[in-house]
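Presented below is the structure to which this report refers.
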Amino acid sequence: MQNLPFEYAIIALAVLVILAMSVRLIPHRHVALVERFGKYTRTLEPGLNFIIPFVEKISHKQSLRVQQLNVSIETKTSDNVFVIARVSVQYFVESAEAAYNAFYQLDDPEEQITSYVYDVVRAQIPRQTLDNVFDNKDEISNVVMDQLQQAMEEFGFRIRNTLVTDIDPNEDVKRSMNRINAAQRERRAAEHEAEAERIKIVKKAEADRESKILAGEGIAGQRKAIAEGLRESIDMVVDEKNGIGAEHVVYLLTFTNYVDALESIGKEGTVIMVPQPTGQLDQMDEIRNAIISGSTVSNAAKKKVKEQPE
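Just so you know, we're using UniProt numbering here: the sequence shown kicks off at 1 and counts up by one.
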């Protein structure tokens, strides 16, 4: 009887141990598969659960969260360029019921997904050139996702997304591509510079053309104004009664312009006077005197004036 307290303590300890072994806490967005003597019996939901110690055990804990698998595939394009394609696969087990197929039908789900990705990518990229592979990354991603979804759906997996994150050619190809891109940029820069220079030349020619047109119009206007001024001057000075005709005024204006020209030239440098024919000087003097004195020009002077070439 003295040993009863010790035996009770042993029994209580054993009960506590068994109870502790039977309690299972399943995290949120996780499930657990329970086997009894090696046979699947049930699936534990998130929260507090109990199993039978030594009889049942948790064979597998399955996360229901979205997981990501990164796959690198080496292949070559249709123009014989070797590249490394990096694909990220986002997948998840959609429900507690699907966890059974995900665990018991696939020995290594990630290895299976990797194999499918290899198969699809190596079927797509070799059909395209390197430039097309870069341009069609989204198309390749969609094909991988569609075929991977069909293959993995029966095993309880859902494919959320597949992304071709990188297309990496070997270093020699990348250096060649960089040289090609640099040459193309230099060519475009030269084309832009040539176009800018052409625009400058065209604009300069247009400005010169407009300037000459305006200058011509100005000269024409100036000549018109001079002609009108001469006509008005002639009309004002002509006096037929006193023998002063239009031809006399023309010679007078010519003489005036001649004097003005001499004055202008004298301001710039030395002027050398060349004698004019006596007859022309006599005519100019006679016209000038006739205008000043109001007398009539002699008939001989008129005749000489008329005989002058125009």
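Note that beta-carbon positions come from the ideal geometry of N, C-alpha and C, so glycine has one too.
Check                                                                                                                                                                            : Outcome
Specify, as a first and last residue, the run of the beta strand (DSSP E) that residue 119 falls within.                                                                         : Counting along the chain, residue 119 falls outside any beta strand (DSSP E), though it belongs to the alpha helix (DSSP H) covering 109–124.
Taking residue 76 as the reference, which of 84, 69, 70 has the closest Cα?                                                                                                      : 84
Identify every run of the alpha helix (DSSP H) within the region 15–51, keeping only runs that are complete inside it and at least 4 residues long; order them along the chain.  : none
Please list, in chain order, all residues of the same chain as residue 302 whose beta carbon is under 7 angstroms from its beta carbon, the five residues on each side excluded. : Confidence in residue 302 is poor, its pLDDT being 44 and thus under 50, which makes the residue's placement too unreliable to answer from.
Does the Cβ of residue 51 have 16 or more other Cβ atoms within 10 Å, making it buried, or fewer, making it exposed?                                                             : buried
List the residues that DSSP assigns as beta-bridge partners of residue 169.                                                                                                      : 83
Going by Cα to Cα distance, which pick from 70, 24, 74 is closest to residue 57?                                                                                                 : 24
Let me make sure I understand the geometry here. Which of 41, 40, 47, 22 has the alpha-carbon closest to that of residue 30?                                                     : 47
So, for residue 292: in the same chain, excluding its five sequence neighbours on each side, which residues have a beta-carbon less than 7 angstroms away from its beta-carbon?  : Residue placement at residue 292 is poorly supported in this model, since its pLDDT is 46, which falls under 50; the coordinates still yield a value, given next. Excluding positions up to five away in sequence, the list is empty.
Run through DSSP, which three-state label would residue 161 get?                                                                                                                 : strand
Around the C-beta of residue 62, are 16 or more other C-beta atoms found within 10 angstroms, so that it is buried, or is it exposed?                                            : buried
What is the DSSP secondary structure of residue 69, counted as helix, strand or coil?                                                                                            : strand
Taking one C-beta from the region 97–115 and one from the region 185–195 each time, how about it: are there three or more such pairs within less than 8 angstroms?               : no
Taking 7 angstroms as the limit between beta carbons, can you name the residues of its chain near residue 21, skipping five residues before and five after?                      : 53
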